[in-house]
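Remarks on the structure that follows.
Shown next, in the form of structure tokens:
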């Protein structure tokens, strides 16, 4: 079981969707297959029960069950989303999953926070609530959570809380934020902050060059993300961009809020990873998309990247 | 145990706070004392686990425990807030509390809804999720939930869902909305919709005159609310306003978002109803208020209304 | 003509509505009558073209015309709202009205600002745009502008900009904010910041006790505001509250966003101050209210305060 | 001068930036060069003073001057953004530019609108304010304006207002919206509604296939947009996607809110179209980007599309 100090977040921590049967029940066989798929794809870590894991639609028991299932197969760090409007359910889930062997938890800010101090204070209180020994990830995703975290706020959270594990960076635009944080590290005003990027990797190419350590997102070809990260780290700039650009039409299509998750699940279903692309309600009715458009994108992609030959 | 058809929502359905010990644990003795206080005050119904019952801060087990405790003493309708970001936890709580004898549930819309259709659809899906035989209350509170429900949207929800029980009206400004809904009832395009008003009763005086059936809020003198409702229904307009106006300085003070709940709990503590005015985190740090100011308001109120002589 | 250094903002700086003819044209005779009414009521200053002066609905020429008209009669400081989405129109208006003899301008933040730094920077840029010699007022009104200014942000703006004149405080809840700012003055980390309160004076009673210097709002009985300010400053606490409480039912009614301005104009029309209660579009259709309800409130008020005998 | 009935919006109506000198003054020589560049690029129309034309930062006189300058050279339809918080400035600008020969105006909804009816009513009032004979464009851009227009709302606006000219569609996700509107046209419940897409053309490829008539955006290679529109209309699907995909890495980079406009101006400057990439304040400080990154994207693009060889 990974312990706090053993984790050096880098590479790809894939954001796992939650597979459902068409009637909305959790599909455990698909969880297993998906976990094996991520292992085979060389994922460095896995984050379950994020926003795109449909976490808020799960009961506590279901959440714990999913984590248990994943941990039974995945031998690398598993992060668990525990965001909740109150600290009681957040603490309950955090403690249960840490006891099962999770490597840490991920916390997004409630969408009512509007001042720098209120955000900093929220993370301090959240850390106290879950236990200051529980590693946590800051999720910085203004597009979904409507909370703007200035770089200085992230620095304060990371400096105040030794259990702050890494930043899931998905601000948009967000390139300057990475550069600012790395500049502060250099000048010594920020302790080393691992940064894994999200937002469906829409800017992974340049985010790596700005100083990101990897990706923490769930694009339907996560092994491509790993390749881009590796190529970028090896300084093979053109190759990294070539591979990334080949996928960009689909990345962009999957990044749409709402239908994006349906697209992701559909491709994973077509790849044989999960049995159904069902989403739980509410949300499903807003998720319409043309499967034919995705099929067309996949066919085009297959000409440039062999792994898309389904 | 009340059944759906037996409920004719009117009078005061008091919004109950959740009493905590100073360390944040639920204080069951205070729940009992509070319930008896509401019975003695002549409350027609009770709503637990609303926004000001700090519902999102409770775990499922705690929520069920609170409902069980209240139902063991209160012989009139108990409504239970079950709002949740997902339908799985909403259904779980709704089914558990209905099995215990709740008269219905209350549902607020998620703060992402922006179009008329999306709101109507949400309530239809929610009703299907909890069971179309479970009576539900529409909570219309834009100040807190950021969702604007046009009168036509409320009409559609009420006409589409036979299990729609009443409207907790707390739009602000909201007087015209009540008049519009009542006009539609008269012309026959809306079936009878009971309306209980909230928003800490800041407009109870005129809302009754516009056609409200009562109040569904938690002001610290709920018996005053019952008196104003009765006086208004008896056509004693001046008396209703006289009583209301005497309380308005404190009503206004308690209606502040954030500190308002702390004020309410503080007065209930001073009245001997609950043992502590503790709020659960998060939220507590924004709730500072000057107790001396409330004491001063109470002292002034005591000169005009005997029940405020503490 | 007042100069920057001569102004010690205190007392009541009344927020003036803009009187229109029923067809929407500006009614200059009513402007004159209203100005005389404010002079007679002992107003210490006047703010024109605020949000409730319907400023965004005016063309530049109309705005300048209104200011000129008011300045031709009013011998005390006149502040002019110059908020605009861009600095070019803001500077144009600020320079024109300062040249005419305005004492300063008022600036509200654009509703997109979300971080502490972005708010501080906005005011610095705005001050540079209008001229750093032009006194400006910070308008802190989250309910309308959706921007939350932490006390520390206000301190930074005031300390960074010598031309910062006073704070129009209309945060809600906002009592603690005043106390915090006054505490910082005492400890020496904030230079003297005059605070005039707004939000239709809903908390004027306690805001004065927390340290406000007066009011900067447009309630339809501005002379009552002046009396409460004076009584409070003289330490006549009970008298201040008695007078305030008598008006609170109407204050609350007038404070409603949308219809509130229509109520204010209606009462001013009934008092013979302006000729019509017309509002310019857009906005008018949301402003319905029952005149009979206001008449009833006025009749009740007249029994407790002679000035309401119309 | 084009008249209302002569316009059949299709192809590319390019969104023009406003060129400034480094000190913020308007650069008229660059306006001329830019206009000629758009003529040479085969633009079917031109929209000036949109959001990305920095319209809110301009005074009325400046706005009129820009339109006059553009109209002196451009012989095809020119649409002018006239969005404003009030109808008086909106009408003033609309009437001035129509008198100069503009083909129509563009109106975005104020960001406070939250119900279907309020949006429909706003456009009706706006049309009455500017004159019901003035052709207007609906701008549907929730990402920037925070207003969600359901397809049914757009239908009502178009059916209610004969002067509604076309829809600037930039909802995101937005593919289903186009399909819905086209389906309504087919069933006869919606009169023909031209749809030109925006949002920096991020989904131009599929939006054309869903039924869009063209693009109304300002990507720095507008001639590429015209080619994609034409290829798509000719049924050359793969070619359209090939060309689009080559530009997608840069499209995505330019689509970032904030820095995006700076990127656009930078490329137009590098292409020799405008003399400086200056943005007016406020906004500039949030627009940092790495020019080297754009240069790299251009160099890569040049290998796939000759027009990018700068």
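Chains as they are written, first to last, in the working numbering: chain A, 1271 to 1580; chain B, 1271 to 1580; chain C, 1271 to 1580; chain D, 1271 to 1580. C-beta: ideal position from N, C-alpha, C; glycine also. Note that the structure is a prediction, hence the values are computed from the model and not measured.
Judged by their CB atoms, residue 1423 of chain B and residue 1389 of chain B are nearer to each other than the 8 Å cut-off. When the Cα atoms are used, residue 1343 of chain A and residue 1373 of chain A turn out to be separated by approximately 14 Å. When the five nearest sequence neighbours on each side are left out, the beta carbons in the same chain lying within less than 8 Å of the beta carbon of residue 1416 of chain D are those of 1381, in order along the chain. The alpha helix (DSSP H) runs lying completely inside the stretch 1500-1576 of chain C and spanning 4 residues or more are 1507-1524, 1529-1540 and 1561-1574, given in chain order. Taking 8 Å as the threshold, the shortest C-beta distance from residue 1420 of chain C to chain A falls below it.
Residue 1528 of chain D and residue 1482 of chain C have their C-alpha atoms spaced approximately 38 Å apart. By the Cβ rule, the stretch 1357-1364 of chain B counts as touching the stretch 1323-1334 of chain A, because three or more pairs are nearer than 8 Å. Rounded to whole angstroms, the gap between the alpha carbons of residue 1318 of chain D and residue 1369 of chain D is 16 Å.
Identification of chain A residues near residue 1442 of chain D by a Cβ-Cβ cut-off of 8 Å yields 1526 and 1527, ordered along the chain.
For the stretch 1275-1306 of chain C, there are no residues whose beta carbon sits under 9 Å from a beta carbon of chain B.
For residue 1338 of chain A, the nearest beta carbon of chain B is not closer than 8 Å to its own beta carbon. Under the Cβ distance rule, residue 1392 of chain D counts among the residues neighbouring chain C, one pair being separated by less than 8 Å. Contact between residue 1480 of chain A and residue 1445 of chain A holds: CB atoms are separated by about 5 Å, below the 8 Å threshold.
About 5 Å separates the CB atoms of residue 1489 of chain D and residue 1471 of chain D; that is less than 8 Å, so the two are in contact. Within chain C, 1551 and 1552 have C-beta atoms less than 7 Å from the C-beta of residue 1395 of chain D, given in sequence order.
Beta-bridge analysis with DSSP links residue 1409 of chain B to B/1438. A distance of 8 Å or more separates the beta carbons of residue 1365 of chain D and residue 1314 of chain D. The beta carbon of residue 1384 of chain D sits closer than 8 Å to some beta carbon of chain B. Counting along the chain, the unbroken alpha helix (DSSP H) around residue 1360 of chain B starts and ends at 1357-1370. Classified as buried, residue 1552 of chain C has 16 or more neighbouring CB atoms from the shown chains inside 10 Å of its CB. Residue 1459 of chain D counts as exposed, since fewer than 16 other beta carbons sit within 10 angstroms of its beta carbon. When secondary structure is reduced to three states using DSSP, residue 1404 of chain B falls in the coil class, being assigned neither helix nor strand.
At a C-beta separation below 7 Å, residue 1515 of chain D has these neighbours in chain A: 1519. Contact with chain A is absent for residue 1439 of chain D, since none of that chain's Cβ atoms lies less than 8 Å from the residue's Cβ. Against chain D, the CB of residue 1387 of chain B has a partner CB under 8 Å away; the residue lies at that interface.
Under DSSP, the beta-bridge partners assigned to residue 1376 of chain A are A/1351 and A/1407. Annotation for residue 1442 of chain B: 1413 and 1469 place their beta carbon closer than 7 Å to its own, counting only its chain and skipping 5 residues before and after. Look at residue 1328 of chain B here: in three-state DSSP terms it is coil, with no helix or strand label.
No Cβ-Cβ contact shorter than 8 Å links residue 1339 of chain A with residue 1377 of chain A.
The criterion of a C-beta distance shorter than 8 Å is satisfied by residue 1476 of chain D and residue 1563 of chain A. Nearest CB-CB separation between residue 1381 of chain C and chain D: below the 8 Å threshold. Residue environment: residue 1299 of chain C is assigned as exposed (fewer than 16 neighbouring CB atoms within 10 Å of its CB, all protein chains considered).
Around the beta carbon of residue 1513 of chain B, 16 or more other beta carbons lie within 10 angstroms, which makes this residue buried. In the DSSP annotation of this structure, the continuous segment of the alpha helix (DSSP H) that includes residue 1429 of chain C starts and ends at 1421-1430. Comparing alpha carbon positions, the residue from A/1419, A/1478 and A/1570 closest to residue 1500 of chain A is A/1478.
With a 10 Å radius around the Cβ and a threshold of 16 neighbouring Cβ atoms, residue 1361 of chain C comes out buried.
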